[in-house]
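Scroll down for the structure; my scribbles are underneath it.
Residue numbers (our numbering): 18 to 622.
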């Protein structure tokens with residue numbers, strides 16, 4: 018049967034009324050927007066009013082599955098959340114490992130839309146057509162490690178849990194939600210949106226069968242890719258993303274001391290083989306249906322209870338933002354900082370960016386020991402731990418810093434904005450764009466603010482010549498990533514490898530439809546244009562598609578010494594012109610009426 022991979026339903030939750038409603042999703046909408054990011058973008062643009070408070074009851078949190086989830090497809094243990102960001106005030110999507118999306122689909126829904134605000138802390142339990150609002154007052158204030166098993170008890174065997182920690186309850190804009198503890202919906206403050214709704218977590222446990230048009234083809238693709246992965250010998254297989262610091266360092270992209278440089282002279286101390294041999298526990302935390310098992314656990318002292326040994330699940334971004342970006346080379350401090358973030362429910366990228374910002378302000382004399390309560394030089398792991406806790410607890414200087422580098426710089430003043438590394442209010446991931454030609458354009462134009470998951474130019478060359486010729490390759494990569502996030506396939510499938518044609522073949526086998534490369538590139542443009550329309554509605558234009566001051570400063574050391582993100586500001590503007598041209602937007606970055614008609618979304622506007 019055609020389209021049997023979709024449940025064709027959206028479950029609507031109103032926490033204020035503790036009410037539920039189920040609506041049908043028209044098949045033509047599913048055909049056009051597919052699932053995950055795609056279908057979430059459709060609903061948020063269509064249903065969210067302009068200018069609403071992201072932390073108010075009118076904001077909607079969309080939990081999303083994809084057409085391949087629950088099928089024997091490769092690496093589909095992901096799910097998505099789309100909402101309005103309390104950090105940027107713009108469109109936000111986040112993609113997370115774990116089984117909540119699958120269990121939502123097994124319960125009979127492609128989408129769950131949550132609005133309103135409960136009068137007291139609750140947990141939402143979804144078990145097929147039985148929807149329950151369970152009291153979570155006894156869980157409010159608990160960390161993610163303690164709250165997650167208690168949430169599981171609300172449904173039992175087979176359930177999957179998504180929970181926030183105290184950071185989300187306190188409405189921190191760096192707050193995340195955690196699925197089965199090990200997987201985070203990072204960036205943009207999604208945890209704060211749950212906290213604003215008094216929603217401690219979501220528990221999903223479904224029993225329905227998920228069908229496909231041609232399940233045999235899906236099994237064949239899965240078996241072929243799994244066999245190929247088994248035969249491959251690549252660093253990712255042994256270390257997950259923890260092997261990347263040395264590679265990033267060689268390219269001049271490893272963030273060092275608040276992005277002053279992309280080269281960390283002590284990177285050898287964070288060598289993947291060394292930290293695995295000395296601190297690795299040998300166990301992995303895998304997403305469902307994944308053969309790659311990329312999350313590695315390391316033993317560390319519990320920084321919240323030093324007498325206890327715990328596991329800390331660290332990956333590249335955390336080694337960068339909590340390691341080199343703070344001038345810290347001892348991996349034990351990175352493990353502890355990561356554990357604090359996981360338990361409080363904080364994004365390690367934004368939190369690392371905030372601490373690095375504070376360290377540079379201390380070094381510049383803008384923040385003093387009296388302001389902070391202790392010395393805060395780069396490389397001081399003990400005091401980085403203190404500051405991370407102060408941010409999580411909203412104490413002392415942590416109260417200002419917990420608002421993120423953009424807002425903190427506005428409040429601190431005295432030139433601190435020169436050291437605030439962000440795009441559209443979102444702190445920058447662990448890849449310095451001064452190390453890769455054209456990469457800065459991806460950061461500047463990403464719909465959520467600085468993101469490393471929006472497609473990169475097809476090169477690892479130094480930014481020492483024009484980037485205009487690379488824009489088309491970046492757009493193609495972005496379009497494929499939009500499909501990946503709409504299928505709920507893992508981005509790391511490029512290690513399998515799982516090329517675009519395999520993704521399209523799996524989608525066609527699941528749906529019974531006939532997508533091809535051209536229609537998928539058009540799909541990517543459709544979703545990118547719709548997220549842009551959302552942001553334009555919130556006041557974004559060309560003036561906001563910029564890079565922070567730091568990335569126009571020449572690299573001070575390493576293989577890209579003396580280079581900035583682009584050879585000139587003129588080249589950046591020309592690259593931006595080319596990007597707008599390919600997307601079908603005008604010179605101010607606003608989609609044209611002609612492109613809206615071409616993409617089939619003119620009726621939405």
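The beta-carbon is built from N, C-alpha and C at its ideal position, and this holds for glycine as well.
Reference residue 130; option with closest CA among 211, 550, 502
Minimum Cα distance to residue 130 is reached at 211.
Quick check: what's the CA-CA separation for residue 494 versus residue 459?
Going by the C-alpha atoms only, they are around 10 Å apart.
Please list the terminal residues of the continuous alpha helix (DSSP H) segment that includes residue 600.
First-last of the alpha helix (DSSP H) with residue 600: 586 to 600.
Give the straight-line distance between the Cα atoms of residue 231 and residue 122, rounded to the nearest whole angstrom.
C-alpha of residue 231 to C-alpha of residue 122: approximately 19 Å in a straight line.
Endpoints, alpha helix (DSSP H) assigned at residue 442:
First-last for residue 442: undefined, no H or E at that position.
Cβ-Cβ distance between residue 134 and residue 33 below 8 Å:
It is a contact, given that the beta carbons lie within the stated cut-off.
Give the single residue among 308, 101, 434, 105 whose Cα lies nearest to the Cα of residue 89.
With distances taken between CA atoms, residue 89 lies nearest to 308 out of 308, 101, 434, 105.
Neighbourhood of residue 490 by C-beta distance below 7 Å, restricted to the same chain and skipping five residues each side
Contacts found: 474, 475.
Considering just the uninterrupted stretch of the beta strand (DSSP E) at residue 284, what are its terminal residues?
First-last for residue 284: undefined, no H or E at that position.
Alpha helix (DSSP H) segments (min. 4 residues) lying fully within the stretch 52 to 138:
Within the stretch 52 to 138, the complete alpha helix (DSSP H) runs of at least 4 residues are 53 to 64, 117 to 123.
Unbroken stretches of the alpha helix (DSSP H), 4 residues or longer, contained in the stretch 494 to 558
Runs of alpha helix (DSSP H) with 4 or more residues, each lying fully within the stretch 494 to 558, are found at 517 to 528, 534 to 554, listed in chain order.
Consult DSSP for residue 166 and reduce its assignment to one of helix, strand or coil.
For residue 166, the three-state secondary structure derived from DSSP is helix.
With residue 338 and residue 365 assumed to form a contact (beta carbons below 8 Å), what rounded beta-carbon distance in angstroms separates them?
So it is a contact: roughly 6 Å between Cβ atoms.
When the Cα atoms are used, what is the spatial distance from residue 100 to residue 202?
Straight-line Cα distance between these residues: approximately 12 Å.
Looking only at its own chain, which residues have a Cβ that is under 8 Å from the Cβ of residue 40, when we skip the five neighbours before and after it?
Within the same chain, Cβ atoms closer than 8 Å to the Cβ of residue 40 are found at 26, 27, 29, the five residues on either side in sequence being excluded.
By DSSP, does residue 567 sit in helix, in strand, or in coil?
DSSP places residue 567 in helix when its eight states are reduced to three.
Am I right that residue 401 and residue 346 are in contact with their C-beta atoms under 8 Å? What's the rounded C-beta distance?
Contact doesn't hold; Cβ gap of about 12 Å is too wide.
Under a Cβ-count criterion, where at least 16 other Cβ atoms within 10 Å of its own Cβ denotes burial, should residue 154 be classed as buried or exposed?
So residue 154 counts as exposed.
Looking at the structure shown, is residue 323 part of a helix, part of a strand, or coil, going by DSSP?
Three-state DSSP puts residue 323 in a strand.
Could you tell me which residues DSSP pairs with residue 30 in its beta bridges?
According to DSSP, which records beta bridges pairwise, residue 30 is partnered with 37, 131.
Look at the Cβ atom of residue 146, then the Cβ atom of residue 24, and state whether they are nearer than 8 Å.
Inclusion of residue 146 and residue 24 in the CB contact set at 8 Å is not warranted, their separation being larger than that value.
In chain order, what residues of the same chain lie with their CB nearer than 6 Å to the CB of residue 304, ignoring the 5 residues before and after it?
The answer, listed in chain order, is 94, 114.
To the nearest whole angstrom, what separates the beta carbons of residue 438 and residue 567, a pair I think is in contact under 8 Å?
Taking the Cβ atoms as the reference, residue 438 lies roughly 5 Å from residue 567, within the contact range of under 8 Å.
Whose CA, out of 238, 397, 225, lies closest to the CA of residue 124?
Out of 238, 397, 225, 225 has the C-alpha closest to the C-alpha of residue 124.
Taking 8 Å as the threshold (C-beta atoms), are residue 584 and residue 419 in contact?
Residue 419 places its beta carbon 8 Å or farther from that of residue 584.
Within 8 Å, do at least three Cβ pairs link the stretch 544 to 561 to the stretch 598 to 608?
Verdict: yes, contact present.
In the DSSP assignment, the alpha helix (DSSP H) including residue 400 goes from what residue to what residue?
According to the DSSP assignment, residue 400 belongs to the alpha helix (DSSP H) that extends over 398 to 410.
Quick check on this structure: which residue in 295, 387, 104, 467 has the alpha carbon closest to the alpha carbon of residue 424?
If we check each option's Cα against that of residue 424, 104 comes out closest.
Starting from residue 247, follow the beta strand (DSSP E) in both directions and report where the run begins and ends.
Following the DSSP letters along the chain, one finds residue 247 in no beta strand (DSSP E) but inside the alpha helix (DSSP H) bounded by residues 232 to 248.
Give the list of continuous alpha helix (DSSP H) stretches no shorter than 4 residues that lie fully inside the stretch 303 to 377.
Taking only runs of at least 4 residues, the alpha helix (DSSP H) segments lying wholly in the stretch 303 to 377 are 333 to 338, 348 to 361.
When the Cα atoms are used, what is the spatial distance from residue 196 to residue 112?
Inter-residue distance for residue 196 and residue 112 is about 11 Å (C-alpha atoms, whole angstroms).
Could you name the residues of the same chain whose beta carbon sits closer than 7 Å to that of residue 246, not counting the 5 residues immediately before and after it, in chain order?
The residues are 308, 309, 513.
From residue 358 to residue 405, what distance separates their C-alpha atoms?
Rounded to the nearest angstrom, the two C-alpha atoms are 8 Å apart.
How long is the line joining the alpha carbons of residue 573 and residue 278, rounded to whole angstroms?
For residue 573 and residue 278, the distance between alpha carbons rounds to 6 Å.
Taking a contact to mean a Cβ-Cβ separation below 8 Å, would you say residue 207 touches residue 193 in this structure?
Cβ distance < 8 Å, so residue 207 and residue 193 count as in contact.
Would you give the residue range spanned by the alpha helix (DSSP H) that residue 634 belongs to?
Outside the shown range of the chain (18 to 622) lies residue 634, about which nothing can therefore be said.
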